[in-house]
Amino acid sequence: MRRPLIGLTAYAQQVKYGNNDLLAGMLPMTYVKAVHATGGRAVLITPDDPDPEILESLDGIMFSGGGDVDPANWGAERHPTTDTDPARDRSELMLMRAALDMDLPTLGVCRGMQVMAVATGGSLHQHLPDLLGHDEHRAAPGTDPLAADASAYGRHDVVVKSGSQAHALLGSRLTVNSFHHQAVDDPGTFTPTGWCPDDRVIEIIEDPERAFAIGVQWHPERTGDLRVFAALAEAAAARVGPGRRALAA
Amino acid sequence: MRPIIGITTYVEPASWGVWHDLETTLVPHAYTEAVTAAGGRVVLLPPDDLDADVVRVLDGLVLAGGADLTPSHYGAEPEPLTDSRPRRDAAEMLLARAALAADLPILGVCRGMQVLTVASGGTLHQHLPDVLGHEKHRPAPGIYGTHDARFDPGSRIAGLMGDDVEINCYHHQGVADPGTLIVTGRTEDGSPEAVEDPARRFVLGVQWHPEVSRDMRLFRALVNTAAG
Numbered sequence: 354m355r356r357p358l359i360g361l362t363a364y365a366q367q368v369k370y371g372n373n374d375l376l377a378g379m380l381p382m383t384y385v386k387a388v389h390a391t392g393g394r395a396v397l398i399t400p401d402d403p404d405p406e407i408l409e410s411l412d413g414i415m416f417s418g419g420g421d422v423d424p425a426n427w428g429a430e431r432h433p434t435t436d437t438d439p440a441r442d443r444s445e446l447m448l449m450r451a452a453l454d455m456d457l458p459t460l461g462v463c464r465g466m467q468v469m470a471v472a473t474g475g476s477l478h479q480h481l482p483d484l485l486g487h488d489e490h491r492a493a494p495g496t497d498p499l500a501a502d503a504s505a506y507g508r509h510d511v512v513v514k515s516g517s518q519a520h521a522l523l524g525s526r527l528t529v530n531s532f533h534h535q536a537v538d539d540p541g542t543f544t545p546t547g548w549c550p551d552d553r554v555i556e557i558i559e560d561p562e563r564a565f566a567i568g569v570q571w572h573p574e575r576t577g578d579l580r581v582f583a584a585l586a587e588a589a590a591a592r593v594g595p596g597r598r599a600l601a602a
Numbered sequence: 644m645r646p647i648i649g650i651t652t653y654v655e656p657a658s659w660g661v662w663h664d665l666e667t668t669l670v671p672h673a674y675t676e677a678v679t680a681a682g683g684r685v686v687l688l689p690p691d692d693l694d695a696d697v698v699r700v701l702d703g704l705v706l707a708g709g710a711d712l713t714p715s716h717y718g719a720e721p722e723p724l725t726d727s728r729p730r731r732d733a734a735e736m737l738l739a740r741a742a743l744a745a746d747l748p749i750l751g752v753c754r755g756m757q758v759l760t761v762a763s764g765g766t767l768h769q770h771l772p773d774v775l776g777h778e779k780h781r782p783a784p785g786i787y788g789t790h791d792a793r794f795d796p797g798s799r800i801a802g803l804m805g806d807d808v809e810i811n812c813y814h815h816q817g818v819a820d821p822g823t824l825i826v827t828g829r830t831e832d833g834s835p836e837a838v839e840d841p842a843r844r845f846v847l848g849v850q851w852h853p854e855v856s857r858d859m860r861l862f863r864a865l866v867n868t869a870a871g
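Residue numbers (the numbering used here), protein chains in the order written: chain A, 354 to 602; chain B, 644 to 871.
In structure tokens, the structure reads:
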């Protein structure tokens with residue numbers, strides 16, 4: 354049986370590589386490797402598309418991390434630190450709504466989880482340090498969040514609601530990395546099922562009415578714990594052939 | 644529904660924003676813009692050497708530019724200036740062979756033409772200046788060479804280019820033996836600049852960079868065939 358085809362939303366971004374400095378369609382390889390390691394075939398979808406037809410060719414979709422979502426999408430004023438890419442927002446909100454409508458297995462990572470909330474009528478906190486008085490969701494204490502690499506990510510625990518899909522997948526408590534300054538406020542049509550125990554920032558959202566629709570606020574693809582990717586792949590594989598069971602909730 | 648066109652990607656350490664030298668799958672956006680403007684729906688294909696099943700969902704394929712092809716793919720030993728990415732090569736050769744076997748419309752650009760050639764049983768010169776005695780196909784880092792090409796009358800590329808013969812080159816390797824493809828375009832020094840497989844729906848390789856010059860003719864031809 355063929356591997357499930359997983360679309361990953363990608364950026365169109367100015368990048369430097371070798372002697373080049375140009376606009377490229379791109380994504381960190383960590384996401385591609387996470388899909389490959391859990392049995393999927395990764396393809397990237399850049400934000401040029403006026404329609405979501407590509408979803409019909411996919412078995413699952415992952416919305417990747419990246420910049421902030423435009424607060425105009427929920428009628429809020431822009432915070433001074435909010436930094437957006439309108440083309441990416443337009444494309445991803447459209448793809449998210451269409452993916453959910455057709456019940457395509459969907460995983461949101463970091464920004465991807467925020468897109469899940471906003472696409473379904475929710476809203477975000479635009480700058481956690483203003484709300485919480487600390488920046489520990491973006492960087493290890495004492496490090497400069499704007500000079501970060503993965504080693505300087507924040508870390509904190511997540512507590513998970515018992516009986517939820519996330520609980521069946523991840524257990525009741527886990528430690529995660531953290532690199533975000535925004536967070537879900539109103540989760541839209543999603544249900545929050547995981548929080549940072551120190552400050553109740555929402556870290557997991559899910560929609561149990563759907564085949565597989567889960568968002569996580571951290572970056573699992575940067576860790577050895579790929580359980581959410583494995584769950585996406587299994588849900589996607591269930592669409593490929595009869596007789597393959599999706600991950601039981 | 645628009646035809647789905649896969650574009651193969653590079654994997655390179657890249658830097659942007661706060662990220663430095665992060666291993667990244669990427670392709671110059673000019674390729675995506677060209678295919679989209681020509682009416683195609685792009686998916687980017689990071690290298691994956693497990694299988695080429697993705698061909699199943701594609702209506703067309705662009706083999707993009709990039710580093711040199713590992714010479715073992717055409718039975719040669721690496722020469723000193725050959726700089727390759729073995730994992731991309733293994734994956735792209737698998738994909739190219741599967742796409743040819745499936746008679747998928749394929750456009751090979753620069754390295755992509757070389758991949759098409761080797762997938763069709765051909766071989767490459769690993770450093771053209773050694774063969775030709777000049778560096779005009781890659782004058783200096785970041786500097787493209789401008790050439791006039793000659794295209795075979797009646798060939799697909801001649802039909803697409805018409806009276807236009809100016810091409811922008813940036814390569815140090817080139818086609819030696821075209822395998823089962825035919826050479827349908829050359830620069831004035833005889834170096835192959837276009838290859839085709841007339842036995843298939845649409846197989847065209849060009850050694851130059853039509854996406855850089857925003858030349859829509861080739862991309863439109865690929866997308867129209869893919870849609871048809």
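Just so you know, even glycine gets a beta-carbon here, dropped at the ideal spot from N, CA and C.
- Contact between B/Ala762 and B/Arg793 is absent: CB atoms are separated by about 25 Å, not below the 8 Å threshold.
- In the DSSP assignment, B/Phe862 falls within the unbroken alpha helix (DSSP H) covering Met859 to Ala870.
- A Cβ-Cβ contact shorter than 8 Å links A/Ile557 with A/Val513.
- Taking 9 Å as the cut-off between beta carbons, the residues of the region 368-382 of chain A near chain B are Val368, Lys369, Tyr370, Gly371, Asn372, Asn373, Leu375, Leu376, Ala377, Gly378, Met379, Leu380, Pro381 and Met382, in sequence order.
- Of the candidates A/Gly420, A/Ala566, A/Leu579 and A/Met415, the residue whose Cα lies closest to the Cα of A/Gln535 is A/Gly420.
- Taking a C-beta cut-off of 9 Å against chain A, the contacting residues of the region 767-790 of chain B are Pro784 and Gly785, listed in chain order.
- Inter-segment contact for the region 367-381 of chain A and the region 466-484 of chain A is absent: fewer than three beta-carbon pairs are separated by less than 8 Å.
- Within 7 Å of the CB of A/Ser531, no CB atom of chain B is found; the nearest one sits about 15 Å away.
- Put simply, the CB of A/Arg394 is near chain B, with a gap under 8 Å to one of its CB atoms.
- Restricted to the region 395-445 of chain A, not a single alpha helix (DSSP H) segment is unbroken, complete and at least 4 residues in length.
- Taking 8 Å as the cut-off, the beta carbon of B/Glu722 is found no closer than this to the beta carbon of B/Val758.
- When secondary structure is reduced to three states using DSSP, B/His768 falls in the strand class.
- According to the DSSP secondary-structure assignment, B/Ser658 is paired through a beta bridge with A/Lys369.
- Runs of the alpha helix (DSSP H) lying entirely within the region 784-841 of chain B and spanning at least 4 residues, in chain order: 799-804.
- Residues of chain B whose Cβ lies closer than 9 Å to the Cβ of A/Glu406 are, in chain order, Met644, Arg645, Ile647 and Arg684.
- Rounded to the nearest angstrom, the Cβ distance from B/Ile648 to B/Val705 is 6 Å, consistent with a contact under 8 Å.
- For A/Leu477, the uninterrupted beta strand (DSSP E) run begins and ends at Ser476 to His478, by DSSP.
- Membership of A/Gly465 in any beta strand (DSSP E) is not indicated; the residue belongs instead to the alpha helix (DSSP H) covering Arg464 to Ala472.
- The three-state secondary structure of B/Glu735, taken from DSSP, is helix.
- Cβ-Cβ separation between A/Ile407 and A/Thr459: approximately 14 Å, too far for a contact (criterion under 8 Å).
- Beta-bridge partners of A/Asp374 (DSSP): A/Lys369.
- The region 568-584 of chain A makes no contact with the region 646-663 of chain B, as fewer than three CB pairs between them are under 8 Å.
- Residue-level contact check: B/Ser727 does not touch chain A, since none of the beta carbons of chain A fall below 8 Å from its beta carbon.
- According to the DSSP assignment, A/Ala521 belongs to the alpha helix (DSSP H) that extends over Gln518 to Leu523.
- A/Pro357 is classed as buried because its beta carbon has at least 16 other beta carbons within 10 Å across all chains shown.
- Secondary structure at B/Ser715: helix, using DSSP grouped into helix, strand and coil.
- Around the CB of B/Ile786, fewer than 16 other CB atoms lie within 10 Å, so the residue is classed as exposed.
- Within chain B, the C-beta atoms nearer than 7 Å to that of A/Ile398 come from Val686, in chain order.
- Here B/Asp692 carries a coil assignment [DSSP, helix/strand/coil].
- Going by beta carbons, B/Val698 and B/Ala733 fall outside the 8 Å limit.
- Excluding its 5 nearest sequence neighbours in each direction, A/Ser525 has C-beta neighbours in its own chain below 8 Å: Val512, Val513 and Ser515, listed in chain order.
- Within the region 519-595 of chain A, complete beta strand (DSSP E) segments of at least 3 residues are found at 526-531, 536-539, 544-548, 555-559 and 566-569, given in chain order.
- Just so you know, the alpha carbons of A/Ala589 and B/Leu775 end up roughly 52 Å apart.
- The closest CA to that of A/Asp560, considering only A/Asp454, A/Leu527 and A/Thr528, is found on A/Asp454.
- The residues Val761, Gly765, Thr766 and Leu767, in chain order, have a CB closer than 8 Å to that of B/Tyr717 in the same chain once the five nearest residues on each side in sequence are set aside.
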